[in-house]
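Read through the structure below, which is laid out as C-alpha cells, and then see the notes.
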Amino acid sequence: NAGVTQTPKFRVLKTGQSMTLLCAQDMNHEYMYWYRQDPGMGLRLIHYSVGEGTTAKGEVPDGYNVSRLKKQNFLLGLESAAPSQTSVYFCASSYQTGSPIQETQYFGPGTRLLVL
Amino acid sequence: DAKTTQPPSMDCAEGRAANLPCNHSTISGNEYVYWYRQIHSQGPQYIIHGLKNNETNEMASLIITEDRKSSTLILPHATLRDTAVYYCIVRPQGAFTGGGNKLTFGTGTQLKVEL
C-alpha cells in the first residue's frame with residue numbers, strides 16, 4: 003500500500019513551457035486535492051475532485067487545469083508556466099467515515115517546481 | 068473554521084513526552100479537532116483527531132478539555148524523527164460540501180526534539 007504518490011519529485015521549467023504533475027492513490031478514496039505551498043505561507047487549495055470525472059476550482063485555480071479520468075489518478079497541468087508558479091505542490095486524497103461523518107486527508111510527498 | 072492558537076516553538080528532550088497545546092476557544096459543537104504535522108520538505112502527515120472524548124492511536128494521544136476550548140497533543144516518547152511543525156486544525160463534521168473541503172493550516176508549533 004503506497005498511499006499517495008506524486009510524479010515527478012522535482013522539475014525545472016522555463017517560462018511558457020507546459021507540464022503535467024501526476025498524483026496517484028491506491029486507497030480507493032473518492033476525494034482528491036491539489037495544494038501549493040510557498041515559503042512562509044500555508045497550503046492553498048488549487049483544484050479538487052469529489053469523484054471520477056469531476057473537478058472543481060479551489061482558491062487559487064488560475065493558470066492550472068486538472069483532470070480525473072480514473073478514480074486513482076488526479077492530474078495537474080500547467081499550460082504556460084510562469085515564475086509565480088514556482089512552489090511545492092502537494093496532492094492529497096481523503097475518505098469520509100463514521101457517524102457523524104468525518105474526513106481525513108492523506109498527503110503525497112510533494113513535487114518541487116522551479117520556473118525560470 | 069474556528070481559529071486556533073499555538074505556541075510558535077517548543078523543545079523536548081528525546082525519550083520524554085512532548086505536550087503540544089492548542090487553543091480553540093471559538094470552536095462550535097460540530098467541529099472536530101485535527102492534528103497534522105509536517106516534517107521538513109515532506110508532505111503533511113495526519114496524526115489524530117477527536118470531537119470531545121480523548122483519543123489515542125499508535126502515534127499520539129489527544130486530550131480535549133471538557134469545555135472543548137483547548138486541547139493537547141501528546142507524543143509519549145519523542146524521538147529526533149518527531150522534529151516537525153505541528154498543526155492544530157478545527158473542522159466541521161458532516162458531509163463534503165461543494166465549497167471544497169480544504170484544510171486550513173495556521174502557523175503551527177515548531178517542535179524540536181534534542182538529545
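If you read the protein sequences in the order shown, they are chains W and U.
Counted the way the numbering used here counts, the first sequence spans residues 3 to 118.
Counted the way the numbering used here counts, the second sequence spans residues 68 to 182.
Where a beta carbon is used, it is the ideal one built from N, C-alpha and C, also for glycine.
Per DSSP, A151 of chain U is one residue of the beta strand (DSSP E) stretching across A151 to P159. In the DSSP annotation of this structure, the continuous segment of the beta strand (DSSP E) that includes M21 of chain W starts and ends at M21 to Q27.
Shown here for L147 of chain U: same chain residues with a beta carbon closer than 7 Å to its own, the five before and five after excluded, namely E81 and V180 in chain order. One thing to note: T106 of chain W has its Cβ within 8 Å of the Cβ of Y113 of chain U. The region 87-96 of chain U and the region 136-145 of chain U touch, with three or more beta-carbon pairs separated by less than 8 Å. Not one beta carbon of chain U lies nearer than 8 Å to the beta carbon of Q27 of chain W.
Look at H116 of chain U: its C-beta is under 8 Å from a C-beta on chain W.
Looking at U:I106, U:D78 and U:T72, the one whose alpha-carbon comes closest to that of L182 of chain U is U:D78. Sorting W:S95, W:M34 and W:V117 by C-alpha distance to the C-alpha of A83 of chain W places W:V117 at the top. Within the same chain, Cβ atoms closer than 6 Å to the Cβ of N67 of chain W are found at G79, the five residues on either side in sequence being excluded. In this structure, the CA atom of F109 of chain W is about 9 Å from the CA atom of Q109 of chain U. CA-to-CA, the gap between Q87 of chain W and L115 of chain W works out to about 8 Å. Within its own chain, the residues whose Cβ lies closer than 7 Å to the Cβ of R135 of chain U, once the five positions on either side in sequence are excluded, are I94 and K119, listed in chain order. T99 of chain W has W:Q104 as its beta-bridge partners, per DSSP. For the region 88-120 of chain U, the residues whose beta carbon sits under 9 Å from a beta carbon of chain W are, in order, N97, Y99, Y101, Y103, Q105, S108, Q109, G110, P111, Q112, Y113, H116 and L118.
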